[in-house]
Amino acid sequence: MKLKLENARDINILIAAGPITAENFTVLKAGIKKLFKDGKNKIILELPDSGGILVDVLRELAVLNLLASELAGQIVLADIAPLTRSKIDSFSVPPAVRCFPNRAAAVDFFHPKSAEEIPHATPASPTASPAAAQTPAPSIAPAASTKEEVRAREIGDLGELRKRLAELETENKEMGRRLTEIVIKRRDPPDLQAWQEKVSKLERDLGEAILAAQANAPKK
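FYI, in this note's numbering the residues of the sequence shown are 347 to 566.
And the structure:
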C-alpha cells in the first residue's frame with residue numbers, strides 16, 4: 347500500500363493505493379491521526395484498489411470517523427467499488443463511514459454545489475427568497491433570551507433560598523430562647539416569695555423526718 351496526500355479547498359484527500367490489510371492499516375491510521383493533529387479533520391480516503399475491506403479495518407475507520415466528528419469534521423471513502431460499497435452500507439445503519447463512487451461526489455458532499463453551478467438547473471424562483479431569509483440569526487435571539495430567563499430563574503431561586511435560610515435562623519434563635527426560659531423556670535422559682543415558700547417546705551419536711559426518726563428510735 348502506497349499513500350499520497352492531495353488537497354481540494356479545505357479537504358485533505360488521502361490516496362491509499364494497493365490492498366489494505368490489518369498490518370498496513372496501522373500506517374494509514376497513523377497518517378489520519380497526523381492530519382487530526384494538524385487540525386485537518388475533513389478527509390477523503392480514496393481507495394482505488396478497494397476490492398474488499400476487512401471488517402476489523404472498517405471498525406477502525408468507524409472509530410476514526412467518530413473522532414473526526416468530535417473535531418467538527420468527517421471521514422468519507424471515495425473510489426469504492428460498487429460491491430464493496432454495498433457491503434459497507436449494510437455493515438451498520440446508518441453506515442459507519444459514507445462511501446462515494448468517485449472523488450468529485452465526495453468533494454460535493456463537503457461543498458454542495460449551488461443551483462447556478464449545476465448544469466441545466468432550474469433557475470430559483472423569486473418566491474424562494476423568503477425561505478432563504480430564514481437565516482440562523484433569528485434563532486440566536488431566542489437562545490439568548492432563553493439563557494437570560496434561566497439565569498433570572500436561578501437568581502430568583504437563590505434569593506428564595508437565602509430568605510428561607512434567614513427565616514430558619516430566626517426560628518432557631520427563638521426556639522433557643524424559649525428553651526432557656528423553660529429550663530430556668532423549672533430550676534428556680536419565678537420570684538423571691540416562691541423561693542422562700544420552697545425553702546420553708548423543705549425545712550418542714552426535714553423537721554417531720556427528724557421527729558419521725560426520733561419516735562421510732564429504741565428507748566433506753
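The beta carbon of each residue, even a glycine, is placed where N, CA and C say it ideally should be. Remember, predicted model here, so these are calculated numbers, not experimental data.
DSSP puts residue 352 in a beta bridge; with which residues?
359
From the DSSP output, in three-state form, read off residue 389 for me.
strand
Taking 8 Å as the cut-off, does the segment 351-364 touch the segment 404-419 (at least 3 CB pairs, one atom from each stretch)?
no
Close-in-space but distant-in-sequence residues of the same chain around residue 408 (CB under 8 Å, 5 per side omitted)
438, 442, 443
Go ahead and label residue 424 buried or exposed: buried means 16 or more other beta carbons lie within 10 angstroms of its beta carbon, across all protein chains shown.
Counting Cβ neighbours within 10 Å, residue 424 comes out buried, since at least 16 surround it.
Residue 458 and residue 426 look like a contact to me (Cβ under 8 Å); what is the Cβ gap, rounded to whole Å?
Not really, about 20 Å apart at Cβ, beyond 8 Å.
Using only the alpha-carbon positions, how far apart do residue 349 and residue 455 sit?
23 Å
What does a CB cutoff of less than 6 Å around residue 477 pick up in its chain, not counting 5 residues either side in sequence?
Any reading at residue 477 needs caution, since the residue's pLDDT is 47, under 50, leaving its predicted position unreliable; the model's value is listed next. Closer than 6 Å at Cβ, skipping near neighbours: no residue.
What is the rounded straight-line gap between the Cα of residue 562 and the Cα of residue 556?
10 Å
Measure from the alpha carbon of residue 449 to the alpha carbon of each residue in 428, 430, 436, 392, then state which is nearest.
For residue 449, the closest alpha carbon among the candidates 428, 430, 436, 392 is that of 392.
If you compare alpha carbons, which of 554, 403, 420 is closest to residue 430?
403
Count the other C-beta atoms from every protein chain shown that fall within 10 angstroms of the C-beta of residue 373, then say buried if there are 16 or more, exposed otherwise.
exposed
Buried/exposed call for residue 453, threshold 16 Cβ in 10 Å:
Residue environment for residue 453: buried (at least 16 other C-beta atoms within 10 angstroms of its C-beta).
Label residue 411 either buried or exposed according to how many other C-beta atoms from any shown protein chain fall within 10 Å of its C-beta, with 16 as the threshold for buried.
Residue burial annotation: residue 411 is buried, with at least 16 other C-beta atoms found within 10 angstroms of its C-beta.
Rounded separation between residue 387 and residue 361 - CA only:
16 Å
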